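Novice: Residue numbers (full-length UniProt numbering): 1 to 319.
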Amino acid sequence: MASNLRELRERRNSVATTQKITRAMELIASSRIVRAQRNVRSATPYSQELTRALSAVIAHTREDHPLTRATQDPKRSAVLLITSDRGLAGSYSSNVLKAGEGLLASLEGQEVDVYLCGRKAVQYFDFRKRGYTKVWDGFSDSPSYGDARKISDELIRSFLEPTEEGGVDQIHIVYTHFESMLTQKVRVLRLLPMEIIDAADDASDAEPADSSQPPADTPQTDDTSDVFHEYHFEPHPATVLDQLLPLYVANRVHFALLQAAASELASRQQAMKSATDNAEQLIDTLGRQANQARQAAITQEITEIVGGAAALAESTSQE
Numbered sequence: 001m002a003s004n005l006r007e008l009r010e011r012r013n014s015v016a017t018t019q020k021i022t023r024a025m026e027l028i029a030s031s032r033i034v035r036a037q038r039n040v041r042s043a044t045p046y047s048q049e050l051t052r053a054l055s056a057v058i059a060h061t062r063e064d065h066p067l068t069r070a071t072q073d074p075k076r077s078a079v080l081l082i083t084s085d086r087g088l089a090g091s092y093s094s095n096v097l098k099a100g101e102g103l104l105a106s107l108e109g110q111e112v113d114v115y116l117c118g119r120k121a122v123q124y125f126d127f128r129k130r131g132y133t134k135v136w137d138g139f140s141d142s143p144s145y146g147d148a149r150k151i152s153d154e155l156i157r158s159f160l161e162p163t164e165e166g167g168v169d170q171i172h173i174v175y176t177h178f179e180s181m182l183t184q185k186v187r188v189l190r191l192l193p194m195e196i197i198d199a200a201d202d203a204s205d206a207e208p209a210d211s212s213q214p215p216a217d218t219p220q221t222d223d224t225s226d227v228f229h230e231y232h233f234e235p236h237p238a239t240v241l242d243q244l245l246p247l248y249v250a251n252r253v254h255f256a257l258l259q260a261a262a263s264e265l266a267s268r269q270q271a272m273k274s275a276t277d278n279a280e281q282l283i284d285t286l287g288r289q290a291n292q293a294r295q296a297a298i299t300q301e302i303t304e305i306v307g308g309a310a311a312l313a314e315s316t317s318q319e
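1) DSSP three-state label for L191, please.
2) Buried or exposed: which applies to F255, given that a residue is buried once 16 or more other Cβ atoms fall within 10 Å of its Cβ?
3) Taking only the alpha-carbon atoms, compute the straight-line gap between T17 and N278 and give it to the nearest angstrom.
4) Hey, could you find the ends of the alpha helix (DSSP H) S77 is sitting in?
5) Run through DSSP, which three-state label would residue 323 get?
6) For I171, which residues of its own chain have a beta-carbon under 8 Å away from its beta-carbon, when the five flanking residues on both sides are left out?
7) Helix, strand or coil: which one does DSSP assign to F127?
8) Taking buried to mean at least 16 other C-beta atoms within 10 Å of its own C-beta, is T44 buried or exposed?
9) Taking the DSSP output, what are the residues bridged to Y145?
10) From the DSSP output, read off the bridge partner residues of T111.
11) For S84, count the other beta carbons within 10 Å of its own beta carbon; 16 or more makes it buried, fewer makes it exposed. Which is it?
12) Grab the span of the beta strand (DSSP E) containing V174 for me, first residue to last.
13) Report the option in A36, L103, A290, A310 whose CA atom is closest to the CA atom of E7.
14) Find out if the Cβ-Cβ distance for the pair residue 330, Q259 is shorter than 8 Å.
15) Whose C-beta lies closer than 7 Å to the C-beta of D169 among residues of the same chain, with five residues either side of it excluded?
16) Pick out whichever of R149, I151, Q281, V96 has its Cα sitting closest to the Cα of Y124.
17) Between M194 and L67, is the Cβ-Cβ spacing less than 8 Å?
18) For S142 and N39, I'd like the C-alpha separation in whole angstroms.
19) Taking the alpha-carbon of I151 as reference, which of W136, K185, K98, A56 has the nearest alpha-carbon?
20) Which residues does DSSP list as the beta-bridge partners of K20?
21) Whole angstroms is fine: what's the gap from L107's alpha carbon to G138's?
22) Does DSSP classify L116 as helix, strand or coil?
23) Looking at T133 and D147, is the spacing between their C-beta atoms short of 8 Å?
24) If you count every other CB in all the chains shown that lies within 10 Å of the CB of K120, and 16 or more means buried, which is it?
25) What separation, rounded to the nearest whole angstrom, lies between the Cα atoms of A89 and A261?
26) How many Å lie between R86 and E301 at the Cα?
27) Does the distance from the CB of A309 to the CB of T22 come in under 8 Å?
28) I need the boundaries of the alpha helix (DSSP H) containing Y92, first residue and last residue.
29) Quick check on A311 - is its C-beta less than 8 Å from some C-beta in chain D?
30) Measuring straight from C-alpha to C-alpha, what distance separates L5 and R32?
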């Protein structure tokens, strides 16, 4: 009985120590997610204006640009999977990898180059002894524009290369879109050949959507045509397009990284909160079991004392 009581107390102390760790990680994630959301909001104006300027250029030129040229029958594709560097974030990385597997299955029949962002994706592919083309890691919860530019430059280079020399016909990104502290959804985005997407669609978490306005990716020719006439392109729209399109690709990657970072921190905060709450319940249960064991031990000792006293009294009376 004493050994059982000691084991319960040791388990309770161990769980209490673990609870302190999960509580600390919950608080850290809660504080960092505020900065992650602020980064998303800060990047939104630049993204919106870049999209606006690029749409204006495209409206003024009919030239076929390599980054917007779609292949009718793609032979090679690339997929970028954005996961976390660390665990303890619930099903965050596993959801991305599951969606990535679905995308890879849909590309069956094509040669696929897999690019990985985050150590969890690397561990997943290494464990299954599957190959990948390139890895970026170490910044999953705090990405910078420089990190995004490194990724986008590599993807653009691969897209512009002929397929006979190892290039690809299209590139997809699989990442997690942050909607709220409780909701994060995995998205699959075709990065190249490019489709112009309003950044407001990706920044919907920064400000509430106005239901009276059309969707962010809906063309608004009546409103934008007048604005487009205010642009003057020097030296030529095609030259401006050459400069803006790589910036737009880098911006799309940067936005995906920022959204993924906010989603990772939100998932980690929720996972650590759940672990802390579960630890609290387990501590209560172990404490109750320890009290019951202690009471049972005391009752047994009293019973033994009373029984011994009764036996002693009986033996004395017989004498």
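The beta-carbon is built from N, C-alpha and C at its ideal position, and this holds for glycine as well.
Computed from a predicted model, the values in this text were never measured in an experiment.
Specialist: Reading off the structure:
1) strand
2) buried
3) 13 Å
4) That residue, S77, is in no alpha helix (DSSP H); its beta strand (DSSP E) goes 76-82.
5) Summary: the structure shown does not reach residue 323, with the chain confined to residues 1 through 319, and so no result is reported for it.
6) S77, A78, V79, L80, L155, S158, F159, R190, L191, L192, listed in sequence order.
7) helix
8) Residue environment for T44: buried (at least 16 other C-beta atoms within 10 angstroms of its C-beta).
9) Answer is none; Y145 lacks a bridge partner.
10) With the sequence shown as reference, residue 111 is identified as Glu, and Thr is not the correct amino acid for it. Beta-bridge pairing by DSSP links E111 to R76.
11) Around the Cβ of S84, a 10 Å sphere holds 16 or more other Cβ atoms; the residue is buried.
12) 170-178
13) A290
14) With the chain covering only 1 through 319, there is no way to say anything about residue 330.
15) T71, P74, K75, R76, S77, T163
16) Put simply, of R149, I151, Q281, V96 the residue whose alpha carbon is nearest the alpha carbon of Y124 is V96.
17) It is a contact, given that the beta carbons lie within the stated cut-off.
18) 9 Å
19) W136
20) Paired residues: none, contrary to the question.
21) A direct Cα-Cα distance of roughly 29 Å separates L107 from G138.
22) strand
23) no
24) buried
25) 11 Å
26) Roughly 51 Å separates the two Cα atoms.
27) Cβ distance not < 8 Å, so A309 and T22 don't count as in contact.
28) 92-106
29) Looking at the structure shown, chain D is missing, and only one protein chain is on hand.
30) In this structure, the CA atom of L5 is about 41 Å from the CA atom of R32.
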